[in-house]
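First up is the structure itself, then whatever we jot down about it.
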Amino acid sequence: MSLKHIVFGQPSVAVLAEAVGMDEKMQGDILCFEDDLSVGPLFILDTKDGQALRQQWWQQLQGTGPAAVAQEIFEEAPAPEPEEPEHSEDEARFLTLKTQLKEDPELEVWIWAGQNARDVTGYYWLVSKLYDFSGRIHIIYLNNLPFLNEKGAVFYPTHLHQILPKEFLKAKKLARPVSLAEYELDGDEWHRLMNENAGIRLLEGGKKLKGETVTFYDKDLLAQTGKEFIKAWRVANQVSGKLKYPVMDLFLAWRLKELVKEGKLESKGELKTVRDFEVKQPGGETPASPTNEATA
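Note that the UniProt record's numbering has the sequence shown beginning at 1, numbered continuously upward.
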């Protein structure tokens with residue numbers, strides 16, 4: 001039997017790779033799917049057009065896409081340009097995986113998922129496409145399970161990268177085949193998520209995801225600003241630091257830029273990455289706070 005491990009996001013790769021090196025029974029390649037499907041549009045993502053829509057949204061967040069407002073993708077679900085779009089990078093990775101599963105009947109897949117929206121959404125996306133290989137696809141969902149940290153204390157991790165490599169050797173015992181019922185129910189859930197096309201998806205417990213609009217964190221971002229300029233990255237960190245499941249800086253930076261466009265915040269600096277600009281509430285010409293500058 002050959003084995004392939006799957007994770008969602010680079011932070012999980014290093015710790016799992018170290019764990020795999022500790023146990024010959026876990027030997028196998030690690031495949032990382034990069035896209036964070038817990039944020040952004042999912043409309044018809046099982047098609048090239050849907051993948052093109054999502055790529056367009058990411059480009060807009062990064063400031064490299066067309067001038068169209070990214071939020072319109074959720075509101076109107078516009079069709080992409082008529083030319084034939086290419087597969088997304090993750091879709092290309094999946095097609096390679098599918099080919100490997102067809103060519104090697106002994107290949108088994110272990111999907112590792114922590115208790116967070118990114119991993120759970122990624123799981124729904126992937127398992128909806130793997131029904132033909134039932135019996136060979138395993139899930140290891142570390143849902144509300146205790147682990148030991150570096151000091152030997154018990155804690156409940158939400159993400160794989162929080163777990164010590166040696167602790168993965170215990171977690172491997174949780175590997176079980178995805179059941180036929182799960183292929184059906186979880187596949188239906190993935191199609192529900194695509195049709196809902198929410199701006200973000202929040203994990204409510206277990207594998208239950210709740211869709212919210214892209215403006216969901218706007219009130220929290222506004223609450224962290226005042227009448228003096230503050231670094232945008234500080235605002236993003238203060239918001240994300242209070243959440244059980246942190247949100248990526250790129251997404252929060254986009255929301256700050258949208259709030260500036262809407263006139264709900266004022267800015268100085270270039271509206272590029274979260275470290276390139278500062279924000280404050282509208283009104284007055286209050287100079288930037290010396291404290292903020294000194295601690296930047």
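Glycine included, C-beta positions come from ideal geometry on N, C-alpha and C. Owing to the predicted nature of the structure, the values given are computational and were not obtained by experimental measurement.
{"Asked": "With distances taken from CA atoms, which of P282, R255 and Q281 is nearest V274?", "Found": "R255"}
{"Asked": "Over the uninterrupted alpha helix (DSSP H) stretch that includes D188, give me the two end residues.", "Found": "L180 to E196"}
{"Asked": "If you follow the beta strand (DSSP E) that A117 is part of, which residue opens it and which one closes it?", "Found": "Unbroken run through A117 is the alpha helix (DSSP H), A117 to V127; no beta strand (DSSP E)."}
{"Asked": "By the 10 Å Cβ neighbour count, where 16 or more other Cβ atoms means buried, how is F168 classified, buried or exposed?", "Found": "buried"}
{"Asked": "Since T215 and K280 are thought to touch, with beta carbons under 8 Å apart, how far apart are those beta carbons, to the nearest angstrom?", "Found": "Contact doesn't hold; Cβ gap of about 20 Å is too wide."}
{"Asked": "Compute the distance between the beta-carbons of D119 and F8, then report whether it is under 8 Å.", "Found": "yes"}
{"Asked": "Go ahead and pull the three-state DSSP assignment for H159.", "Found": "coil"}
{"Asked": "Which residue or residues does DSSP assign as beta-bridge partners of K268?", "Found": "E278"}
{"Asked": "Just how far apart, CA to CA, sit residue 316 and F43?", "Found": "What the structure shows of the chain is the stretch from 1 to 296, and residue 316 is not part of that stretch, so it cannot be assessed."}
{"Asked": "Spatial neighbours of Q62 within its chain, please: C-beta separation below 8 Å, excluding the five flanking residues on both sides.", "Found": "L250"}
{"Asked": "Below 8 Å, how does it come out for the segment 156-164 and the segment 110-126: are there three or more Cβ pairs, yes or no?", "Found": "yes"}
{"Asked": "Is E150 helix, strand or coil when you go by DSSP?", "Found": "coil"}
{"Asked": "Helix, strand or coil, according to DSSP, for D132 in the structure here?", "Found": "helix"}
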